Structures are given as C-alpha cells and as structure tokens.
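Protein chains in written order, with the UniProt record's numbering: chain F, 1 to 304; chain L, 1 to 304; chain G, 1 to 304; chain Y, 1 to 304.
Structure below.
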C-alpha cells in the first residue's frame, strides 16, 4: 500500500490559447488531448497518458492526482482518510479521462486529492527499444515530467500529520518555530518515496496553490529554461538559484494566468530513514533561496 | 517488506594505505573507523555509520549489504530466498561493525548479499538544523554517497528472476538477445525503489565484481572528479561520458588494487510502472557509452 | 601600441582583516605581499605579481592599472591623453610595488588610470611544465584572475570617446537613449582586445566604482561560488543570473567594506570588427539581468 | 598590423549532400550560399558572410583564411612571408566569394594560408539591437562559430617560427623533446590574439589537416553535442574530455567524408606576456586527453 508519485495536476487558466503557448511552445509539454475548454499534456519522459490538465475558466489549482501502486491500496487509504476525519468520495473510471477508478479526498487544507491506480499507458517519447537519451527534436524547455506541488494551509502541522498518517509520506525537511516537539510548522516538505518532496505545504490560506513544478536535468538546464523564458516573455518570479531546503536548483515563474510554476533540478535522494532537517525561522530566507538569502514580497504573497 | 538501498560494500584491497589515499584523499570519503587491516568509510551525505569497508588482502568484492525498511522484513526475504533455492544464513548484530542482525544470502551468481535493518546513525556531515548544501571543506571529489554495484553472473536471466522474485526489485533496462519473451539477457539493470538501478548484473564469470559506484551531483561534478583523477594519478578506464542505459553521466576508474569504481551522476527516476527498456546486442556499445559508441577490451574483461 | 588588459585594481577597505577573510578565504586569492595597512593579492592563473591591492582606510576604488604591450606605448598614450585634455603624470618604477614605470591619467570621469608595461613575473600556481588544469588544493571559490571593472561617470559619451580615442578600446555594447548617432549613452561596454569588456562605464556620479569582477570558468562555477557565499555569509546583491549585455553569467556581491564584486563567466569573444550592440532603455532590465528582467534599487544605487 | 582570427576554412568533401546533413542539420551551421558542388556556411554568432566552405570532390583541407585588421596589413605580411622564403600570391576581391582582396601564402608545411581584410558583413543571427543571448530556434548543436585548426608539418619548429616571425602569432603551449632551447617541437599551439590557439601544428606529413574546430559555450554544451552525435550517427573519435593543453573541453568527431572536426569549449584567455607552457613527451597523453591520459591509434594517425 503505497503512493508512487504526483501523477497529474489540474489547473485552471483564464485563456486556453495563451496557456497552450506557455505550456506547449515554451515548456515543451506534448499536447495529448484537446477538447473545448480543456487541454491535456504530458512531458516527453512520462509514460502515462497525461500529467497536466488545463481547464479554461478562472485560475488556480483544480486537484492533484497521486498514483498508487495497486488497485487494492485504495480501500486502505480511503479508510485512513475517513478515520482522519476527511470527506472521501469514490471516483469512477473515466471520470478523469484515461484514468482508472479511485478515491477523492477533501483534505483538511481544503484541497482535492485524487488517488488512482492506473492511467492509459502511452509510453515515453523515446520508446522502450534502444531509446535515445532525449527526443531528437525537443520543443522549448523540453520538460521531461512534473515533479511536485506546493500548497498552502492554515494548519501545517495538521497537514504534515495528514500526509504521514493517511498516505505514508514522511517529512524530509521542515521550517518550524523551534526545534521542540511541539513547534509550529511554517512549512513541511514530504516524500512518498525517494523524491526529496512529492508535496510541500506552507502556512497560508486554505485551498491555495503556491506552485507546481517540472523536473529538469541539472543546473545548465535551469539556465537554458531561464533564457527561453526571457525570449518568450514568461514572467519570472525568482531565480535561477539554489534552494537550501531540498538543495534543488530552481526558477519560479508564472503561466499567463498567474499560476506559479517551477523548474526544479537536483535535490538529494531521500529515504524514510534519513534524518529530517529542520530550518529555524531566522534562516528561512536562506532555506528558500540559499545564495541570495532574501525573500521577495511577491514570492510569499502571490497564490492562486 | 522492502529493500531500501545498497547500504554497504565490502571490498578487498591489496594495500590499505594506498587504498586510503584513493578513497579518502581523492574520493573524499570520511574515515569513520580504522582497525588493523580494515578501514570503514562514509560519504558526507550518508547518515548511517559507513558505506564502504576495505579489508586488506586480495582484491574484489567481499559482500554487498542492502538495508531493508523494517526488522520484520527479514523473515519474509529469508523464506523467499530459501524457496528460490539459495543458502541463507542468519547474521548477528555486531557481526558487521555497527550493523544490526540480518540475513546473508548466497546468490545463484555466487555473490554474498547481506540484508540488515539498522546501522548506527551518525548523521550527515551537514547536520539536520539549517544545513549547508554541502560541507564547506570537502576533500577531493567529495562523493556524497555510494550508489549501486554491477556484478557478473553466468546466468543473467536467473539473477533477474532472483532479484525480482526474492527481493521485489524490478527491471528498468535490459540487454537481451532479442525482444522475445524467451530472450537471453546479457545484462539487467534493476531498481529496489526509484533509483535507475540499485544493482546491475551482466553476463560473466560467477562471483565477480565489475564495479561499484559513487553518486555525484551532475555533469560538472563528473569532470571535476576526472580532473582530480588526472592530478592524483588515478587509473581511468572510460569517460567522462554518457550512458544510454540509465542515462547516467559517468567515469570508470580503478582503485590502486584494481577494483573498478564509477562516479555516476543523473539517470532518470524510475518507478515500478515505468515500461522496461530493452537494448539489442547490435546497440550494446551505444547503450553502454552513448557518445562514442565503442567498448574497449579492458572495460569488458577486467573484473575483480 | 596597445592596452592588453586590466592588470590591477586598488581598492580601499575599512578593515583589512575582514577583507582578507573575504578575498583570501572565500574568493581564494593568493596573498603575495603584506605590509601594515596593505595587502597584495593574485589569482591562481595570473602570472604577474598581483592583481588586487587592498588599502585599509575608507572604501571605494583607488585606481585601475592597465598593462600595455610595450614600454614604448606609454609615450603615445600620454600624448593622446593630453590631447584629449586629461592631466597625465609620469609614475616611476616601484611607485607601485613590483610595477614598472608608467603613466597616470586623470580621466574625464575623475578616475585614476595607470598604464604600465611590466610587473614582476611570479608565474601561475600551476607552473609552465606539464601543468595541471587547476591547482590541486584551491581555496574557496578559487578565482583564477580579475576580469574587468565598471565605473560611473556623468558623461558616458565622453568616456566612450576617451577610451576609444586615447586607448584604442572599441565598444562592444551600449545602452543608448535611441539608435541615432547623437543618442546619449546610459552605459558603454568596451574592449581593449577580445574580452567582451575590459572596462564598462554607466551614468552616475563622477569617480565612483560600481564593481570590479573576477572571472570564473562557467555556469557551474558561478553556482559553486554562490553556495560558498551563503556558507561564508557574503552579502549577495544579485544572481546567479545571465546578462543580456555581454552574455556573461554572474553573481554580484559585496566585500565586507561594501565594495561590490562580481564573479563573471562566459560572455562571447569580441573583435574590433564585430558589430556593436545597442540596448534601448525600455530593455535595460533585460540587458542587465536577462532571466528576471528586473533591476533592484540596490544594484542601481549603491556605489563606492 | 595584426591577424585577428581564423575567418574561414575550405574543406573538401566527397558528397555535398551528406556533408550538408552533417554541418547544417547536426552542427547547426546556417547555409548562406549554395552553388553546384559548393556550400558556404556560417555559425549563428558570426557576423561575416561565411566561415566554412565545402567543396565537393576529395577530402581534406583546401585552405585556411585569416582575417587581418587593416587592408594596409597585407603588404607587411607579404613582405615578411617572402623574406621567410615562402611563395606568396596576391588574390583579388571576389576570388573567394564575398571576400576582399588579399594574399595567399604557401607555407613551409605545404598548406595554403589566405589573408584578407574584409568579408561581406551579414550580421549575427541575433542582430545588434536588444539581442537575445542565442537564437530562439537553434538547429542541432547550434555551433556559434569556428575556432581554430590543427595542421601537420614535418618540421614543427619551422612552423612555429613561421607563425611567430611572419604573422606575429605567439606560442601558448608546446610539446617539446626537452626543456632546452634547442628542443625539437612535436607540437605547437599558437595565438594571434587572446584565444588559447588560433592555429596548432603537430608533427606529421606535410599539407595535412588533423581537425578544424567549432567553439561551444561550456562543458554542458559539449555533452549536448555528443548526445546529438549519437542520435545522428556521427562518428566520434574521442571525448567528451578535457585537454591538458589549452584546458579546452572537447569532442573529436568526423564529418561523413572523414574530415575530423572538434567541438571545443573553454580554454584560458591568453596574452603575449603569458609564460609559454611546455609539455614533455612522457606527459603527451595527459596533455592531449587530461582525464584518461591515453591516446588512441586513430587520433594520432587519421589525417585528411
């Protein structure tokens, strides 16, 4: 019984054509399905049908889909979520296009989390026989896959408990008011497997999205992305820089609707037995942006 | 019930003082314990007591230790290994310094595999409170941790089955004589979690080591390592180059006793549901060394 | 008759011991000579005696020394500077330690520029016989050499003419109020040879220093520097990022006295026949910081 | 009176269509002019009309064109070449398409060297007003410009003298039989300005080409090029690796006709007063390929 990874992000965008230009032409996601008001996308190194669903109308996060290892895992997670006090719904196969049946959890932070066990397999863009190391003709940044999301919640301690107790995530890093056991968490970074984070939660309003992230290979790819953002007039929030927390290399930027995206490279490999890291509030800026050790107002206040 | 990772490698070296110079001064491992004829080492980003044990006398692999998630996992793995037809021994706490009790499996390939659930926790060199992204005064290459091992076996298909059926590893990539189900495997790359490989097995004599590997951050670190190898007169086998198989960036080199090491950076994150890649024998050289697409005699024949 | 390069920078620092910690321990310059109130430094890949002179007392730029190819060049440059209307002094051998005789030009921008033809040769830290590609035991950032300086002047057009007409520099890039011939320059980047700039001048008060820069190998080195700045509590102004102007990769930071330094990597190779680039004021922020396209107040106002 | 740089390389190729695929589709040079049996190309960051001319028929080097600073330089170089004992011809404007008048020197090594002072200016692919840092839609490797050539000669000392005495090049590095003044040179690396080499000559048959090189930005670009070589079936000779001599990062590869090319990144900036480096024959392999310190037979024997 295990959650494997963040499998899909549903985001709302004010204009689908502008969003297409951003996610397809600049980021290089592959459009896999289009219908009026909706665009489904995948990265070149993803094998499942899609990882991003853009819905026209409004802005912000629709829901996050996490893939579990086995169909039989759903019952257990459903039970635990209910015991934790969450409302849970069953979802049917096809309710999300190309996605199996699953469950929908309404989290204590007022986000919608879907768990599913299967999605139509379409294969990566390099195939399974003598594959090239990347597609010969990548578009733009050429992001290979989505990586994680960062959401806000009024009670971060509660969300840390939720992901740990309900979904077996473990905490890799934390910002806490103190090193004591009863400290209040300002942020928590949590892993479902060996990623340095599959989800992160920081203190803020309920139900909001800070950003969702795409993985890149390394620091050189991060600058290449940044250069393309300049060429394509993508609004950049912060970066390129280095995180203290997670050690990832990063640029934060906005899609044309104002949803924050991140390109994220590196970060260490984590394991459940790795000791959890704690950052104290006075070192928060260094934890977030290691090199410059400054937070800008926009980064801490703009949410969708 | 899960294997987490390769936790330690025991290697034999002809001269411990030469080996110390290689593993400590050049690679930058931290010596954590020394006794006559034996040296225990760890990388700066490892939190368990040690990951490399060097024993003076001879050359080659002593044994590989894999850490499991829970003490209770041992019984299950023991049973499965026995059912697979392997000889299995119980090992006691302290039989390996600072290592818990566990089991010792004599694999069909005549290697010794130890499973254990605990090792004395010493913490990484950057600590758990507001940690720096790496230690301020790294030595030499400054390898953060071990990564994987590649061993040889007469029957690779059998070893693929062994790791899959006994230890729940899954195959990420394979070199096979054909794409058919009954193909003979020339090599198999297998993951216990999300690493692109925790173990690899290629066709060759029983009980031998091709190499064990240290992880590096990225392609820039690989060249930096190579430059230090030149300065320190480390014998380099191949690289820097790019693997087709695993997509890792790599240099192969030898310790002073002739054991092959690798520095390995990158490689994609794998999951059990990622489609397995197959390489055909005509593309083997490209699979191993993507850029040059040539194998040298030494790389395919020198084993310890 | 040619200026070769920026050979030395004299900077004033409020506290020599703090400055030593910054320039030696963090940046990795080699102290080559110390006397009360003064410290002379060189980078590992510089062969002349020193490139940075720190004088205790105050803050800001003392003078810039440019090395010319031939002793006989001095007469010509002296004549031209006088014709341009500058006060020029002869300086004697030894007036600057280890430096030959030369001339001292008081520029229209009220900076002091020294031209000299020789400095005591001490050799690089890797020597001239079978040299390693860098010293085996670099300290901190390990800057190989100084690169350029950026100064401010009330009349940038005049300074552009000064460097062109007196010293045979040519302009590689400019920020100008328009593309017309009579445009007012807001900044000018000028080369004495093939560097993308040996000097830059931006509009501002007379006689001030914006920054002087050290060269690094590439973008990976820039982040490594930034990480060390975080560890050593170096105050960072902006970066890491990419310049549009010059295409250099950069971090701006301050020494403990508040003098701005830069680490600078890349930038194209220029030639006198390369067409000069012009940036228009509306694209200034993109020209300076290509990825983020934002200027902070500090960057444009803090001078020493 | 100064040579600025290698401005063009004329190479013979057995099949122009195959060559086009290599130089245009893989390397990303821009075709600027085509006529039956001939193709003219330029890199995206070159402003003169072309830098590579491919002539169908045979294989090997046609001639090397070096651009001088001023038309009046030609007379002086002509005189010096004649005094050195070389045959020199005047060439007329248009004899080479889009190239000014100049002189043609038949070197002691039986190569043809052309000096010219002007070529039709076409501008770089990013223009001169608010330019992007590279073209938004680069093709393949996207080489920005040519860099240098390495030729063979029976008498390297003589060629070192030729370039120094006739063309004012200076030697940055040398492989010599000893450190004595009367040593025989096995190779010489020479600069006309601040490049670490504008020409190199190694001992071998008269009139032959070892390789000509394209510049890349950094080590990340070198691997990216190597990956594309694998995808496009470009025959790779050696690399990616690091040179000891010049410190450049490199891959050697062949065009479809068998002419060796190089992608070259980095290398230090040189100046006439930088002390010349000498490599001794026992360290030759380390000088050429720093990391692996091995020369393959092909690298030392295949010439065109």
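For each residue, glycine too, the CB sits at the ideal point set by N, CA and C. Predicted, not measured: the structure shown is a model, and the values here were computed from it.
If you measure from the CB of residue 107 (chain F), is any heavy atom of the ligand GTP nearer than 6 Å? The ligand GTP is not among the ligands present in this structure, which contains no ligands whatsoever.
Chain Y residues whose Cβ lies nearer than 7 Å to that of residue 219 (chain L): 219, 220, 223
I'd like to know whether the C-beta of residue 136 (chain L) is nearer than 7 Å to at least one C-beta of chain G. yes
Rank Y:194, Y:89, Y:290 by C-alpha distance to the C-alpha of residue 147 (chain Y) and give the top, closest one. Y:194
So, using beta-carbon positions, are residue 286 (chain G) and residue 244 (chain G) closer together than 7 Å? yes
Mind listing the chain L neighbours of residue 227 (chain G)? Cutoff is C-beta to C-beta under 9 Å, in chain order. 132, 133, 134
Per-residue DSSP class, three states only, for residue 22 (chain Y): helix
Reference residue 278 (chain L), options L:191, L:185, L:140, closest by Cα: L:185
Need the endpoints of the alpha helix (DSSP H) that residue 159 (chain F) sits in, please. 156 to 167
Cβ shell of residue 114 (chain Y) (< 6 Å), same chain only, five flanking positions each side left out: 63, 65, 102, 104
Within a Cβ cutoff of 8 Å, which residues of the same chain sit near residue 169 (chain L), ignoring the five residues on either side of it in sequence? 3, 163, 190, 191, 192, 198, 199
Run through chain L and tell me which residues come within less than 7 Å of residue 231 (chain G), C-beta to C-beta. 132, 136
Interface residues of chain L around residue 95 (chain F) at Cβ under 7 Å? Within chain L, no residue comes near residue 95 (chain F); the closest Cβ sits about 20 Å away, beyond 7 Å.
Roughly how many whole angstroms lie between the Cα atoms of residue 303 (chain Y) and residue 212 (chain Y)? 11 Å
Here's a check: name, in chain order, each residue in its chain whose Cβ is nearer than 8 Å to the Cβ of residue 265 (chain Y), leaving out the five neighbours to either side. 215, 216, 217, 218, 219, 221, 222, 248, 249, 250
Across which residues does DSSP place residue 301 (chain L) in a beta bridge pair? Its beta-bridge partners do not exist; DSSP assigns none.
Kindly indicate if chain G contains any beta-carbon less than 7 Å away from that of residue 292 (chain F). yes
Nearest-angstrom beta carbon gap, residue 16 (chain F) and residue 54 (chain F) [assumed within contact, 8 Å]: 6 Å
Listing by chain order, which chain Y residues have their CB less than 9 Å from the CB of residue 242 (chain L)? 223, 226, 227, 230, 240
Which runs of the alpha helix (DSSP H) at least 4 residues long sit entirely within the UniProt domain "VOC" (145 to 266) of chain F? Give them in chain order. 156 to 167, 219 to 231
Those runs of the alpha helix (DSSP H) which lie wholly inside the region 11 to 95 of chain L and span at least 4 residues: 16 to 20, 73 to 84
Own chain, CB closer than 6 Å to residue 229 (chain Y), minus 5 neighbours either side, in chain order: 236, 253
On the three-pair Cβ rule with 8 Å, is the region 84 to 104 of chain G touching the region 13 to 30 of chain G? no
Just to confirm the assignment, what range does the beta strand (DSSP E) spanning residue 102 (chain Y) have? 102 to 106
Cβ separation of residue 120 (chain L) and residue 49 (chain L), assumed to be a contact under 8 Å, to the nearest whole Å: 4 Å
Closer than 8 Å at the beta carbon, the chain G residues around residue 302 (chain Y): What residue 302 (chain Y) touches in chain G: nothing, since even the nearest Cβ is about 26 Å away.
Do we get a CB-CB distance below 7 Å when we pair residue 252 (chain L) with the residues of chain F? no
Residue 137 (chain F) classed as buried or exposed, judged by whether at least 16 other C-beta atoms fall within 10 angstroms: exposed
For residue 171 (chain G) versus residue 188 (chain G), is the C-beta distance shorter than 7 Å? yes
CA-to-CA distance, residue 224 (chain L) to residue 141 (chain L), given in whole angstroms: 7 Å
Against chain G, with Cβ distances strictly below 7 Å, would residue 12 (chain Y) count as a contact? no
Can you look up residue 7 (chain G) in the DSSP assignment and give me helix, strand or coil? strand
Looking at the structure shown, is residue 295 (chain Y) part of a helix, part of a strand, or coil, going by DSSP? coil
Below 8 Å on the Cβ atoms is my guess for residue 94 (chain Y) versus residue 51 (chain Y); work out the distance and round it to an integer in Å. At roughly 18 Å, the Cβ-Cβ gap does not stay under 8 Å, so residue 94 (chain Y) and residue 51 (chain Y) are not in contact.
For residue 128 (chain F), the residue or residues it bridges with in DSSP: None; residue 128 (chain F) has no bridge partner.
Ends of the beta strand (DSSP E) at residue 113 (chain Y)? 112 to 116
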